[in-house]
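Quick note, the sequences are listed as chains L and C, same order. Position 287 of the first sequence, counting from 1, maps to 292 under the numbering used here, and the rest follow consecutively. Position 398 of the second sequence, counting from 1, maps to 574 under the numbering used here, and the rest follow consecutively. The block underneath contains the structure these notes are about, expressed in structure tokens.
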Amino acid sequence: MSAKMEHDGQQDVQDHSKSGGRREQKRDAHLVGLYQVLPFALMLGMLAVFGIWQMLSEKRAYSLSERRLLAQRPVPTVESVMDTSFMEDYEKYLTDQFPMRDSWITMKTYCGLLLGRRESGGVYIARDRSMIELHMPETVEGETALRNEECLLGFLKDMQEEGAQHVRVMLVPTADSIWEYKLSPYAEPFDQQAYLERFSLMLDECGLSECYVDVWEGLSACAEEQIYYKTDHHWTMFGAYIGYHAYVSSYSDAGSMPDGVLPWTSFRTEIVQNNFHGTTAAKCGIYNVDDEIVLVFPPWSDEERYRVEYDGGESESDSLYERRHVGGDDPYSVYLDGNHAVTVITVTRGTGVKSEAADDLSGSVDASGNMTAEGKPLRSLLLMKDSYANSFVPYLTEMYDEITMIDLRYYNGSLHTLMQEHHYTDVLVLYNLPNFLTETTVYRLGK
Amino acid sequence: MIFAGFTFLFRFLPIVLIAYMICPKQFRNGLLFLASLIFYAWGEPVYVLLMLFSTVSDYWHGRRIDAAKKAGKPKAAKGFLISSIVINLAMLGFFKYADWLIGIFNNVTGCSVPLLALPLPLGISFYTFQTMSYSIDVYRGEAKVQTNMIDFGMFVSLFPQLIAGPIVRYADIEDRMKDRPLKAERMSEGALRFAVGLGKKVLLANQFGILWETITAAPPAGMPVLTGWLGILAYGLQIYYDFSGYSDMAIGLGAIFGFQFPENFDHPYESRSVSEFFRRWHMTLQKWFASYVYYPLGGNRKGLKRQIFNLLVVWGLTGIWHGASGNFLAWGLYFGFWLVLEKVFLQRALTRLPRVFGHLYTLTAVAFGWVLFTHTNLAEAGQYMARMLAIPLSVPQGAALAAGASAGGGIFNAQTWYLLFQYGGLLLLGAVGATNLPVFLAKKCRLDGKKWISAIFIAILLLLCMAYLVDASYNPFLYFRF
């Protein structure tokens with residue numbers, strides 16, 4: 006093909022030039038022809054090279070950075086061709102399987118930054134390079150939000166009628182509210198503070214004020230700290246510690262709870278990974294900011310043994326931290342192995358049954374034993390949650406002998422039956438606020 | 177297939193280009209015809225038959241008109257011409273306007289004639305206009321009859337300009353039908369033009385589209401005044417870059433294949449009157465209506481009253497050509513109104529005022545025009561315009577809650593500034609790019625025509641477009657509706 010074009014280019018030039026020796030002219034013309042065709046050849050070359058690269062490259066089934074399955078090559082059928090769904094799927098396949106998919110996103114974000122756009126893929130890139138997911142009012146507010154609010158209220162009222170004392174709700178604000186000072190002064194994400202104020206008033210009106218756990222106050226007081234990851238939409242272990250503070254405070258006069266919370270410095274911490282890049286980094290494709298994955302060991306955990314049972318026995322562990330996720334695809338799964346429909350944590354204290362000795366050692370732990378006479382755990386928590394709870398639960402082992410975590414996104418059973426069978430002493434609903442308002446499975450609270 | 181898609185860019189286009197270059201000359205038209213049919217069928221596997229029917233019909237009519245003329249039977253020739261026009265308009269009317277007319281009929285009479293609910297065949301407004309122009313030109317003696325079915329089929333279906341123009345009249349490319357040598361220089365210019373068009377579409381139009389969508393996500397009643405203006409500025413730039421980008425891609429591809437398509441845009445936002453704006457906006461459509469409607473009606477040769485009538489007819493038709501909906505008719509007549517005013521006195525007044533008045537007047541008139549153009553619901557268009565003019569509107573209660581920050585209207589709110597800062601750089605780039613300045617500077621610095629600069633520019637544009645295309649699930653194409 007190129008020979009032909011060169012030839013044409015050559016002719017072109019020969020038509021126009023009238024001077025110079027014949028042989029020399031021919032050689033120059035050859036070069037000029039090449040030069041003339043350069044832009045076209047480059048365009049064709051780029052399209053062809055990327056096309057062939059796409060064809061030959063190994064096809065991925067899953068995109069880690071996007072957390073979704075990628076489209077695969079569709080197989081045409083008469084039907085799918087006639088209704089053009091094959092063509093649409095083919096376009097999706099080419100887009101999804103385009104070589105170096107993630108690098109293109111990075112390039113796009115930097116182009117935007119060059120033009121002053123700090124927002125990319127729904128993530129705001131703050132000047133301190135925190136990547137903060139934005140929740141806009143129009144996506145958070147709506148039918149689902151109203152329905153979920155109603156479901157939660159109904160659930161709390163039902164619990165109240167049944168005489169349950171220890172029911173709590175923690176709606177955790179996300180980074181775009183607590184860290185609003187890092188955003189552009191004109192950015193107006195969904196006002197989580199106003200929502201939480203309204204929500205707590207609503208609980209007051211229903212006589213449910215003791216259910217409300219005020220996480221906002223504690224988090225906003227620590228807004229200068231690393232309470233959220235810079236590259237992920239979760240709160241950090243430190244953020245969760247503040248949540249734990251708020252949770253314990255809500256039980257401050259409930260007797261059987263620890264009187265106060267130990268200072269952060271009395272907890273042993275272990276940094277297991279210092280190059281964590283989470284979901285918000287993936288969304289805007291910026292990977293030059295690092296986060297730390299920290300494991301936290303409260304003093305009392307030295308005296309505790311855990312049995313963690315996932316999804317009704319599908320897998321088991323003796324630790325709250327799954328270190329195999331360190332450095333892996335989803336390091337946040339270090340905390341309680343990520344999301345499972347059901348996670349049951351059983352806590353035993355001391356070595357074996359000598360609980361009294363163990364209690365003496367750990368000081369503030371409730372002095373009674375682990376089990377009642379019938380062999381049921383003395384204090385047990387039912388926790389309906391999203392992934393924010395995974396880093397929060399490690400702080401709770403002091404208070405409970407058994408913690409049952411239910412992720413309503415994956416749990417299909419009846420909560421009602423579960424509660425009747427198990428007689429949990431405490432109930433907690435913990436979500437990050439925007440997720441609670443937009444998640445479509447919250448209605449299962451009423452099941 | 178759309179130009180700014182992976183299937184086209186990384187499969188169809190490289191394969192067709194390489195095949196075209198190695199193909200022997202005598203088969204090139206056949207190859208382009210085949211490629212164009214595949215291109216069209218990729219989006220319209222059924223309606224491709226409709227396009228083929230239109231092709232065969234006008235090919236046959238052209239031959240008959242020519243034969244009748246040569247046999248000295250002008251009446252028969254006219255008969256065939258009318259038959260050709262009727263078939264084309266009937267096709268367009270049936271697929272594009274039937275439901276609209278039925279809806280109006282139902283509204284007026286209270287009947288409930290069921291709607292046809294046919295999807296609009298891709299590009300039908302463009303190819304029926306092209307085939308019609310062929311029959312008329314043959315009748316008028318402005319084009320020679322085409323006696324090769326494949327060549328004619330290639331002209332009708334030619335994929336670079338099939339879906340969104342420019343509207344290429346047969347007479348425009350008649351001389352290139354057979355003899356189109358591959359010329360390196362022309363192909364390189366075509367490549368540059370194509371890359372520029374792709375960049376306009378992907379890097380600018382789509383981004384302005386996102387801004388426009390953000391602004392119109394909330395109901396217009398509570399919108400601050402400045403947000404309204406920012407929105408319509410974004411929309412005006414989106415539609416310009418979308419459409420002129422598509423035309424650039426078409427012209428560029430045409431050049432690569434050896435054609436010279438007519439220009440379609442000439443920096444319209446630089447105009448100093450509405451008449452000038454439409455001499456520089458979608459030029460091929462304006463020329464089509466001028467030579468096949470306006471002048472045959474008498475143009476400006478039969479007195480002012482008749483000219484005003486002619487203008488309104490042409491602009492009513494131009495309006496509904498863009499879509500079968502009341503707002504497009506209103507859009508056309510709105511500009512017809514300005515054109516009449518300009519003919520009567522405004523143009524003369526403008527020439528006496530400083531140039532800036534002409535620019536301001538034109539941009540404002542066009543901005544309000546876009547509001548009509550984009551709102552198929554005329555009531556919403558009215559609300560939007562009211563907010564642009566700072567007329568307070570009562571906000572429905574539910575909407576006020578949902579709109580949150582923007583409830584109550586006012587002149588501006590935090591979102592206005594947020595969007596302005598987020599998109600400021602892009603808007604500036606868009607505004608400058610819509611003028612002659614970049615071309616002027618390139619010439620001034622003697623950068624134009626340097627092939628290595630073209631090559632670097634193409635490479636950068638293509639890489640950026642790939643990044644934005646990979647990133648964007650957001651890739652709607654505005655002109656598919658027409």
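Backbone N, C-alpha and C fix where the C-beta goes; we use that ideal spot for every residue, glycine too.
Cβ of residue i within 7 Å of any chain L Cβ
i, result
"residue 212 of chain C", "no"
"residue 647 of chain C", "yes"
"residue 587 of chain C", "no"
"residue 636 of chain C", "no"
"residue 536 of chain C", "no"
"residue 556 of chain C", "no"
"residue 221 of chain C", "yes"
"residue 368 of chain C", "yes"
"residue 218 of chain C", "yes"
Chain C contact for residue i (CB, 7 Å cutoff)
i, result
"residue 191 of chain L", "yes"
"residue 49 of chain L", "yes"
"residue 64 of chain L", "no"
"residue 44 of chain L", "yes"
"residue 241 of chain L", "no"
"residue 302 of chain L", "no"
"residue 292 of chain L", "no"
"residue 122 of chain L", "yes"
"residue 185 of chain L", "no"
"residue 38 of chain L", "yes"
"residue 150 of chain L", "no"
"residue 41 of chain L", "yes"
"residue 180 of chain L", "no"
"residue 52 of chain L", "yes"
"residue 56 of chain L", "yes"
Where the beta strand (DSSP E) containing residue i begins and where it ends
i, result
"residue 638 of chain C", "No beta strand (DSSP E) holds residue 638 of chain C; the alpha helix (DSSP H) holding it covers 627-647."
"residue 434 of chain L", "431-437"
"residue 410 of chain L", "407-411"
"residue 387 of chain L", "385-390"
"residue 297 of chain L", "296-302"
"residue 129 of chain L", "128-130"
Sub-7 Å separation of residue i and residue j beta-carbons
i, j, result
"residue 452 of chain C", "residue 611 of chain C", "no"
"residue 149 of chain C", "residue 212 of chain C", "With chain C running from 177 to 658 in the structure shown, residue 149 of chain C is simply not present."
"residue 109 of chain L", "residue 643 of chain C", "yes"
"residue 606 of chain C", "residue 413 of chain C", "yes"
"residue 411 of chain C", "residue 388 of chain C", "yes"
Integer Cβ distance of residue i from residue j, believed to fall under 8 Å
i, j, result
"residue 147 of chain L", "residue 138 of chain L", "Not a contact, Cβ separation roughly 18 Å."
"residue 134 of chain C", "residue 276 of chain C", "Missing from the structure shown is residue 134 of chain C; chain C here goes from 177 to 658 and no further."
"residue 432 of chain L", "residue 172 of chain L", "5 Å"
"residue 179 of chain L", "residue 290 of chain L", "Their Cβ separation, rounded to whole angstroms, is 21 Å, which puts residue 179 of chain L and residue 290 of chain L out of contact at 8 Å."
"residue 412 of chain L", "residue 346 of chain L", "6 Å"
"residue 268 of chain C", "residue 299 of chain C", "Actually they are not in contact, since the Cβ atoms of residue 268 of chain C and residue 299 of chain C sit about 11 Å apart, beyond 8 Å."
"residue 277 of chain L", "residue 298 of chain L", "5 Å"
"residue 202 of chain L", "residue 182 of chain C", "In fact, because the Cβ distance is near 48 Å, the residues do not count as touching under 8 Å."
"residue 197 of chain L", "residue 438 of chain L", "5 Å"
"residue 464 of chain C", "residue 441 of chain C", "Not a contact, Cβ separation roughly 15 Å."
The alpha helix (DSSP H) enclosing residue i, as first and last residue numbers
i, result
"residue 350 of chain C", "Careful: residue 350 of chain C lies outside any alpha helix (DSSP H) and carries neither H nor E."
"residue 246 of chain L", "242-255"
"residue 553 of chain C", "Segment: none, residue 553 of chain C is in no alpha helix (DSSP H) and carries neither H nor E."
"residue 153 of chain L", "148-166"
"residue 485 of chain C", "480-497"
Check: residue i C-beta below 6 Å from any heavy atom of the ligand MN
i, result
"residue 380 of chain C", "Among the components modelled here there is no ligand, and therefore nothing to report on the ligand MN."
Taking a cut of 7 Å between CB atoms, which residues from the region 96-116 of chain L lie near chain C? 96, 99, 100, 103, 106, 109, 110, 112, 113 and 116
Residues in the region 194-212 of chain L with C-beta within 9 Å of chain C's C-beta atoms, listed in sequence order? 195 and 196
If you measure beta-carbon to beta-carbon, which residues of the region 325-358 of chain L are closer than 8 Å to chain C? none
When you check each C-beta in the region 80-96 of chain L against every C-beta of chain C, which residues fall closer than 7 Å? 86, 87, 89, 92, 95 and 96
Quick one: which residues of the region 123-144 of chain L get their C-beta closer than 8 Å to a C-beta of chain C? List them in chain order. 123, 124, 126, 142 and 143
With 9 Å as the limit, tell me which residues of the region 588-617 of chain C have their beta carbon closer than that to any beta carbon of chain L; keep them in chain order. 589, 590, 591, 592, 593, 594, 595, 596, 597, 598, 599, 600, 601, 602, 604 and 605
Contact residues within the region 186-214 of chain C, judged by C-beta distance below 8 Å to chain L: 186, 187, 189, 190, 193, 194, 197 and 198
Looking at chain L, which residues of the region 412-446 of chain C have a Cβ within less than 8 Å of any of its Cβ atoms? 432
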